[in-house]
Amino acid sequence: MTIHIVSFGYGHGSVPTADLIFDLRALLRNPFHNPELKHRTGLDQEVYDHVMATPGAERLVFNAVATARGLAEDTGANVMVAWGCTGGRHRSVGLARASYELLRAAGDEATIEHRDVDQDLLPAGVHNRESGRA
Numbered sequence: 033m034t035i036h037i038v039s040f041g042y043g044h045g046s047v048p049t050a051d052l053i054f055d056l057r058a059l060l061r062n063p064f065h066n067p068e069l070k071h072r073t074g075l076d077q078e079v080y081d082h083v084m085a086t087p088g089a090e091r092l093v094f095n096a097v098a099t100a101r102g103l104a105e106d107t108g109a110n111v112m113v114a115w116g117c118t119g120g121r122h123r124s125v126g127l128a129r130a131s132y133e134l135l136r137a138a139g140d141e142a143t144i145e146h147r148d149v150d151q152d153l154l155p156a157g158v159h160n161r162e163s164g165r166a
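Using my numbering, you'd call the opening residue of the sequence shown number 33 and step up by one each time.
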C-alpha cells in the first residue's frame, strides 16, 4: 500500500481525484502576501517554516496522515491525499511536504507530487478568499 501525496493550486486547473482533499485557502496564512516569501515556494525552508508555524498546520498534517494510514490499512488499497491552496506554490506544497516526511519517518511507502509548484503566480485579487470566520 502506498500513500500518494499531491499539492495543487485551485487557480491552475481541476482538483485532482483523491481520497482526501484539503482546501487550505482559508485556513492558513498565505506566504503570497509576504513580499519576502511571495516568489519562493513551500520547497524553500523559509516558506515551509512560515506555513508550518501557522496555528493548526501541524495538527492538520498529523490528522491527515493518521486518516490516510488508517484508510490504507483498513482497505488494503493505495490512498491519495491532495492538498490545495490558491496557486499551489506555498501552503499546499508545505503541507504535502510535511505529510510526506511524516509518512517516510514512520517507514510508510509514500510518493509526492507538486503539480503546480512551477506555475506562474496568480494575480493578487485571486488570493482574497474569505475565511468565513469573525
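Idealized CB from N, CA, C, for every residue including glycine.
Fair warning: this is a prediction, and the values are worked out from it, not measured in the lab.
First through last residue of the beta strand (DSSP E) which encompasses residue i
i, result
"THR143", "142 to 146"
"VAL38", "35 to 41"
"LEU52", "52 to 55"
Within 7 Å, strictly: CB atoms of residue i and residue j
i, j, result
"TYR132", "ILE37", "yes"
"THR118", "ARG57", "yes"
"VAL79", "ALA130", "no"
"LEU135", "VAL97", "yes"
"GLY120", "ASP148", "yes"
"ALA100", "ILE35", "yes"
Boundaries of the alpha helix (DSSP H) in which residue i is found, first to last residue
i, result
"GLY116", "Careful: GLY116 lies outside any alpha helix (DSSP H), inside the beta strand (DSSP E) at 111 to 117."
"HIS82", "77 to 84"
"GLY126", "123 to 137"
Worksheet item: Quick check: the segment 81 to 96 against the segment 116 to 130, are there 3 or more CB pairs under 8 Å?
Response: yes
Worksheet item: Can you find at least 3 beta carbon pairs, one from the segment 96 to 116 and one from the segment 39 to 53, that sit closer than 8 Å?
Response: yes
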